[in-house]
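Following this note's numbering, the numbering of the sequence shown begins with 6 at its first residue and continues without gaps.
Heads up, the beta-carbon is just placed ideally off N, CA and C, and yes, glycines get one too.
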Amino acid sequence: MDQPLDEILTEEVQQVATRLTGWMPDWAASILILVAAALAGVVIWRILNRILTRAVAGRDLFWRSLVQRGVMPFRMMFVLMALGFATTALAPLAERPEAIIQRLVGIGFIVCIAWICQTALYIWTTIHLRRFSLDSEDNWLARKHITQSKILMRVAHILIVLITIAAVLMTFEPVRQYGVSLLASAGAAGLVVGLALQPVLKNLFAGIQLAITQPIRIDDALIVEGEWGNVEEITSTYVVVKVWDWRRLIIPLSYFIEQPFQNWTRDSSELIGMVMLYLDHSAPVEKIRDKGLEIAKSSRLWNGKVYALQVTDFKERTMEVRVLASARNAAQTFDLRCEMREKLISYIQKEMPHALPRTREEIAAISARSALAANGLATPEPQYDG
């Protein structure tokens, strides 16, 4: 029966190695063969790398970046493969040193595969997120993709690390042989570990749920625990909210699954701002409504979609007036509310001071002075004293 080609080549290489190192001690010959194998692996990778670089020159950015950024792990893989071949077929090693080197080569190969997976994941995420920018006014779609990609990337990173550790451990015979029985007999210990890791696992699964359902996204405007701020960062276990005064709230991921909170930019960046005015019942609502519309139109913050001024309630001594105006995002909505509030109250103070709230005692006192003045008993005082 004909001998396979790979076996023939192996025998030829073994004969060459024996002729070159036969006069040397086994340990020296082994070191020399392993070093030569590592150098051969580097040379082979350099040749292959040039071929791959030319092959992907006209392809997508992902493949070009993977070849460029994956030089180190790919080179290491070729070196490990060369060392594995040299250890098994060429080097005159004893059984125990050969087993140790083979074990190390196998572990290194697994780590290199994980390294390549991490590199590919990073490149894909970076290229995907280049299409989105948080600097635009209506950045809802960008916030959605950035949040989803970052959370899922962290989860994938954790899974790659766990799978790598498991694969490394399974290269050891005791773990591979007794792993199932060890897990079956460690029920109590597993329960204790599970209880101890409950917060970590809880936040990990909450992160996956947040990435899918997305109740919050990067740069969302939130009101959490009575504080207003923007989502600055979402990690695998907690969320960083940058409060308006630059403080940071650190909140566990599970909070956003279990507790109610306000999200001002859930579906769109646009918001309607509200300003409440409390005026006298005699205030000319139509004039104030027209002035409010004039202020909104002259403001660069108003997006031109929503404006309304309505009397929403009557109190015993005041009339409640609500002003609504919309803006492109939460920050502009807050500034527009302040601008509308300041300019409306300034207009009312200057043009119609009688529209400001007054107490009944003040009105009665003014009426009494007017009556005395009519009878020539007193000099009337101004109707509005500020």
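Nearest-angstrom Cα separation, counted from residue j out to residue i
i	j	result
A226	R64	40 Å
S351	L329	18 Å
L134	V40	43 Å
E344	M279	12 Å
L254	G46	51 Å
V61	A125	15 Å
T92	Q107	7 Å
L200	F210	Because the pLDDT of L200 is 44, which lies under 50, any placement of that residue in the model is unreliable, and the number read from its coordinates should be weighed accordingly. Roughly 15 Å separates the two Cα atoms.
T317	D224	33 Å
I118	I228	43 Å
L174	V84	22 Å
S273	L306	16 Å
R346	G231	23 Å
A332	V166	45 Å
I300	A161	51 Å
G212	P362	51 Å
G297	G234	28 Å
M82	I105	18 Å
Q264	Q214	14 Å
A335	Q73	42 Å
A216	T240	11 Å
L282	L314	10 Å
R101	G113	18 Å
I170	I115	9 Å
C122	F339	45 Å
L164	I156	13 Å
T1	I277	Residue 1 falls outside the range modelled here, since the chain spans only 6 to 391, and no answer is possible.
L202	E238	Annotation note: pLDDT 48 at L202 (below 50); position unreliable, coordinate value reported separately. Whole-angstrom Cα-Cα distance: 23 Å.
Range of the contiguous beta strand (DSSP E) that encloses residue i
i	result
M324	324-332
V248	243-248
First and last residue of the uninterrupted alpha helix (DSSP H) at residue i
i	result
W68	66-74
P257	First-last for P257: 253-257, but that is the beta strand (DSSP E), not the alpha helix (DSSP H).
A335	335-356
G111	100-134
F137	Careful: F137 lies outside any alpha helix (DSSP H) and carries neither H nor E.
Secondary structure of residue i, DSSP reduced to three states
i	result
T317	strand
P362	coil
A288	coil
P220	coil
G309	strand
E63	In the sequence as displayed, the identity of residue 63 is Gly instead of Glu. In this structure, G63 counts as coil in the three-state DSSP scheme.
M175	coil
S154	helix
T240	coil
I38	helix
S303	helix
Residue(s) in a DSSP beta bridge with residue i
i	result
N235	A226, K247
Y283	E325
Q214	Q214 pairs with nothing; no bridge assigned.
G278	A330
N268	L227
Candidates the options, of which the one nearest residue i by Cα
i	options	result
I132	E263, V110, L66	L66
R51	V244, G75, A33	G75
G111	T270, V248, T176	T176
M86	Q73, M158, L44	L44
S35	W68, L53, G89	G89
R271	P102, R252, T152	T152
Q267	V246, H286, L284	V246
Distance cut-off 6 Å: residue i Cβ against heavy atoms of the ligand GDP
i	result
A33	Absence of the ligand GDP from the depicted structure is noted, as is the absence of any ligand whatsoever, leaving it without description.
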